[in-house]
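>
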Amino acid sequence: MPNSRRSQRTGRARIDLRQAIEDAADVGLMEAVVSGCALVAYADGWVKPEEHRRMAGLIRSFEPMRAFGIDEVLVHFEETTEAFRTGPETSEQRAFEKVARLRDRGHYPDLLVTLCIAIADSDGGFDGEERQAVIKICETLGLDPREYGLGTA
1361 MPNSRRSQRT GRARIDLRQA IEDAADVGLM EAVVSGCALV AYADGWVKPE EHRRMAGLIR
1421 SFEPMRAFGI DEVLVHFEET TEAFRTGPET SEQRAFEKVA RLRDRGHYPD LLVTLCIAIA
1481 DSDGGFDGEE RQAVIKICET LGLDPREYGL GTA
């Protein structure tokens, strides 16, 4: 087989493999995780660099997100937090709708709350606004905030 044909077949196989990975990826999960993290990171009105770095590190270690690639997830995070800056009320509502998609999805609600707490604590403090955001995420997911040491709203 000539090299050019082999290269074309290899290129097509890579494209097909990438498409299969993207199809298998759970877009709803990615959107819910990013939305939950953005809700917490933006709870105090801005996203601190520490929160952004922590988000990136946690996403790198969260297996279901690897199908998307860190760059794609971080771009989605940036777009989500930018939407909070330009239209906070609408963006918050949309973010909670995406978070709600994880309700009754096995261990994912617990993982999301754990990730959100880690994001909130990444800058050395878990302030009142961040705490309230995580409590509301718990309630949206049907989880008891007290199980995470958060008390009630």
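When the letters of the sequence shown are read in order and numbered with the working numbering, they come out as residues 1361 to 1513.
Glycine is no exception: its CB is placed at the ideal position from the N, C-alpha and C atoms.
Could you spell out the range, first to last residue, of the alpha helix (DSSP H) harbouring Val1473?
Segment Tyr1468 to Asp1481, the alpha helix (DSSP H) holding Val1473.
> Assuming Ala1403 and Glu1490 are in contact, meaning their beta carbons sit under 8 Å apart, how far apart are those beta carbons, in whole angstroms?
Contact holds; Cβ gap of about 5 Å.
> Let's see if you can read the secondary structure: which residues bound the alpha helix (DSSP H) around Glu1438?
Start and end: Ile1430 to Thr1446.
> Taking all protein chains shown into account, do 16 or more other C-beta atoms lie within 10 angstroms of the C-beta of Thr1441, making it buried, or fewer, making it exposed?
Buried is the call here.
> Assuming Glu1411 contacts Ile1479 (C-beta within less than 8 Å), just tell me the rounded distance between them.
6 Å between Cβ atoms; contact.
> Take the Cβ of Ile1430 as the centre, count every other Cβ of all protein chains shown within 10 Å, and call the residue buried at 16 or more, exposed below.
Ile1430 comes out exposed.
> Between Met1390, Arg1420, Val1394 and Gly1466, which lies nearest to Glu1452 when the distance is taken from Cα to Cα?
Here the closest residue by C-alpha is Val1394.
> Using alpha carbons as the reference points, say which of Val1433, Glu1432 and Phe1486 lies closest to Gly1509.
Minimum Cα distance to Gly1509 is reached at Phe1486.
> Among residues of its own chain, excluding the 5 on either side of Lys1458, which ones have a beta-carbon nearer than 6 Å to its beta-carbon?
The residues are Glu1391, Ala1392 and Ser1395.
> Relative to the alpha-carbon of Leu1471, which residue among Pro1409, Glu1432 and Glu1423 has its alpha-carbon at the smallest distance?
Checking every option, the nearest Cα to that of Leu1471 belongs to Glu1423.
> Within 10 angstroms of the Cβ of Val1433, are there 16 or more other Cβ atoms? Answer buried if so, exposed if not.
The residue in question, Val1433, is buried, as its Cβ has 16 or more Cβ neighbours within 10 Å.
> Hey, how far is the Cα of Arg1463 from the Cα of Leu1503?
Those two C-alpha atoms are separated by around 9 Å.
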